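For the sequence shown, the working numbering gives the first residue as 8, with consecutive numbering after it.
The beta carbon of each residue, even a glycine, is placed where N, CA and C say it ideally should be.
Keep in mind it's a predicted model, so treat the numbers as computed, not measured.
Structure record follows, encoded as structure tokens.
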Amino acid sequence: MFAKRLFDIFVSIAVLFFFGWTIVLFWILAAIDTRSNGLFLQKRVGRFAKFYTIFKLRSMRWENAKPIVSSFGKFIRRYKIDELPQFLNVLIGDMSLVGPRPDIAGYYDKLEGDDRKILELRPGLTSLAAIKYANEDAILESQPNPLRYNDEVLFPDKVKMNLDYYYNRSFFGDIRLLVRTFFKFASNTTT
Numbered sequence: 008m009f010a011k012r013l014f015d016i017f018v019s020i021a022v023l024f025f026f027g028w029t030i031v032l033f034w035i036l037a038a039i040d041t042r043s044n045g046l047f048l049q050k051r052v053g054r055f056a057k058f059y060t061i062f063k064l065r066s067m068r069w070e071n072a073k074p075i076v077s078s079f080g081k082f083i084r085r086y087k088i089d090e091l092p093q094f095l096n097v098l099i100g101d102m103s104l105v106g107p108r109p110d111i112a113g114y115y116d117k118l119e120g121d122d123r124k125i126l127e128l129r130p131g132l133t134s135l136a137a138i139k140y141a142n143e144d145a146i147l148e149s150q151p152n153p154l155r156y157n158d159e160v161l162f163p164d165k166v167k168m169n170l171d172y173y174y175n176r177s178f179f180g181d182i183r184l185l186v187r188t189f190f191k192f193a194s195n196t197t198t
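Structural data, given as structure tokens:
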């Protein structure tokens, strides 16, 4: 969809132009908080199962040889500020505004059969699954075995929703998802 890619580029340029200073400010604050580079780079599974480097603000630091999410890290995660550098991923074409959220190796790259159609999509900043599981960290923290719960409950549900998106996607559907994401984010900031 040519219109989708043009829209991705336009929105990314606008966000980076108007909020670039905010990203730099939080990058500096994250560097101070984590005592390391405030930018977090990680390989994620992208379109056609090719790996790319995702940009995020660092929200964890090492204390007593263990990674912990600091208070600052919790703040930038809650308000999704740590995700802002991903607009650069959208601009360069690794991601889209709307599409399945990118995952680490061992999930999307291991899909089989019809589920692999998801890999034809660019990963996105938001999706129906991202809206439904906006509080995924809290959901997983409440489970006795978070990894098992993710593998057996959350991930299969996300695959189902992302496959539904694959078959029913449209430019105006993406606009609706972006609006829903905005209102989800706005309601999160008032709680």
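- Residue nearest to K63 within the set A72, K87, S78 is K87 (criterion: CA-CA distance).
- DSSP lists K50 as the bridge partner or partners of T60.
- Taking 8 Å as the upper bound for CB-CB distance, L98 and I16 are in contact here, some 6 Å apart.
- For E127, the closest alpha carbon among the candidates K50, A193, K81, M102 is that of M102.
- Secondary structure note for R68: its beta strand (DSSP E) is the uninterrupted segment 67-70.
- A straight-line Cα-Cα distance of about 33 Å links F162 and R42.
- Beyond the five residues adjoining it in sequence on each side, D116 comes within less than 6 Å, by CB distance, of V52, A56 in the same chain, given in chain order.
- In the structure shown, P153 falls within a helical segment according to DSSP collapsed to helix, strand and coil.
- In this structure, D40 is the residue among Y114, N142, D40 with its C-alpha nearest to the C-alpha of F79.
- The C-beta separation of A38 from G27 comes to about 17 Å, leaving the pair out of contact by the 8 Å criterion.
- Counting only the Cα atoms, N71 lies some 43 Å from Y172.
- For R68, the CB contacts under 8 Å within the same chain, skipping 5 residues up- and downstream, are D40, T41, R42, S43, P74, I75, S77, G80 in chain order.
- The shortest C-alpha to C-alpha distance from F14 to any of R54, L104, V160, L23 is the one to L104.
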